[in-house]
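> Numbering (the numbering used here), first residue to last: -19 to 222.
Beta carbons: idealized from backbone N, C-alpha and C, even for Gly.
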Amino acid sequence: MTGTVLVFGAGTPNGIGGAISARFAAVGHRVVVTGRTQEKIDQTAIAIRSVGGKADALACDVTKEADVNRVFKHVEEIGEPVASVIYNAGGNAPISFEDITSAQFEAFWQVGFMGGFHTAKRAMSVLARQGSGSMLFTGASASIRGKPNFAHFSAAKGALRNLAQALAREYGPRGVHVAHIVIDGVVDGERAQSLFGDNLKDLGTDGSLDPHAIAETFLMVHNQHRSAWTHELDLRPFKEVW
């Protein structure tokens, strides 16, 4: 396959973003992996190149519009069509509403929503001009419902979901496929392993989401024929209570 794929929030090879990057690279796409920490995204790019894939690693703070613009400038210089733009940036932590500060709320909002806005602002222009390509957003159960101690996360993810729906309706007729993919459950990646460690084992076999299985779904959605596009779907382990 041809065309460049941009992954915002690529992280390390064994997280969602890293797995998505590797999967798209495996089918022939050049992948531009971005994240705030150069060392982490370098690991992902090196892993892709080690098996014959094409990958560039660019540090990017999605809360800064200039950083996002710089990534798209790099892609423009590559000279290939943009196949897909994937927004996977975000973070989460339980904080009670009475304890959260305005600064903390703003920080979650900036990464969870405004980064998606900055990215989509550039992506939609490029993809609409091409008349093809996809933009895929990583969502969460918080995208569709609020829970105690997660008001900050739900506010950002809910707004991102609404943005995705608006863009899907506005740009679908122009050939751009926009989809929001809800990840409902613990993802067995680097972050969960560092936070929960051996507790992940308590979930049992396939009790947590495999990043590579998630990546397979992202690729499937991207490759859908435009006569039968998915604009939202949810993924969860078979034993997840929902």
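Could you have a look at ILE80 and say whether DSSP puts it in helix, strand or coil?
coil
> Can you tell me which residues form a DSSP beta bridge with SER114?
SER64 and HIS157
> Using alpha carbons as the reference points, say which of GLY15, THR24, ARG29 and PRO61 lies closest to CYS40.
GLY15
> Using only the alpha-carbon positions, how far apart do GLU56 and GLY184 sit?
45 Å
> With distance defined between alpha-carbon atoms, name the residue in HIS54, ASN68 and ALA69 nearest to ARG62.
Note that residue 62 is Val in the sequence shown here, rather than Arg. Closest by alpha carbon: HIS54.
> DSSP on ARG206, reduced to helix/strand/coil?
coil
> Measuring CB atoms only, is the segment 100 to 118 touching the segment 77 to 89, in the sense that at least three cross pairs come out at less than 8 Å?
No, the segment 100 to 118 does not touch the segment 77 to 89.
> Check each candidate in PHE(-12), LYS20, ALA103 and GLY92 and name the one with the smallest Cα separation from ALA131.
The candidate whose alpha carbon is nearest that of ALA131 is GLY92.
> On a Cα-Cα basis, can you pick out the residue from ALA35, PRO(-7) and ALA25 that is closest to HIS9?
ALA35
> Can you tell me which of the three DSSP states VAL91 falls into?
helix
> Using the rule of at least 16 other Cβ atoms within 10 Å of the residue's Cβ for burial, across every protein chain shown, is ILE66 buried or exposed?
buried
> Would you decide whether ARG240 is buried or exposed? Buried here means 16 or more other CB atoms lie within 10 Å of its CB.
Outside the displayed range of the chain (-19 to 222) lies residue 240, so it cannot be described from this structure.
> Are the CB atoms of VAL201 and ALA159 nearer to each other than 7 Å?
yes
> Return the bridge partner residues of LEU38 from the DSSP annotation.
THR14
> Where does PHE130 sit, in a helix, a strand or coil, going by DSSP?
coil
> By how many angstroms is the C-alpha of THR81 removed from the C-alpha of GLY264?
The requested residue 264 does not occur in the structure, where the chain is confined to residues -19 to 222.
> Which residues mark the beginning and the end of the beta strand (DSSP E) in which PHE249 is found?
Given a span of -19 to 222 for the chain in the structure shown, any question on residue 249 remains unanswerable.
> Please decide whether LEU189 counts as near chain D, where near means a Cβ-Cβ distance under 7 Å.
Structure shown: chain D not included; a single protein chain is present.
> Assuming contact is defined by CB atoms lying nearer than 7 Å, are ASP168 and PRO217 in contact in what I supplied?
no
> State the CB to CB distance for the pair THR24 and ALA6, rounded to an integer number of angstroms; the pair is presumed to be in contact (CB under 8 Å).
Contact doesn't hold; Cβ gap of about 13 Å is too wide.
> Could you pull the start and end residues of the beta strand (DSSP E) that ASP214 belongs to?
212 to 215
> For ILE58, tell me which candidate among GLY152, TRP222, ILE21 and VAL(-15) has the shortest Cα-Cα distance.
VAL(-15)
> Which whole-angstrom value is the C-beta distance of ILE21 and VAL13, which I expect to be below 8 Å?
5 Å
> For my contact list, HIS98 and GLU45 are in at a C-beta cut-off of 8 Å; report their separation, rounded to the angstrom.
5 Å
> Does the distance from the C-beta atom of VAL156 to that of ALA108 stay below 7 Å?
yes
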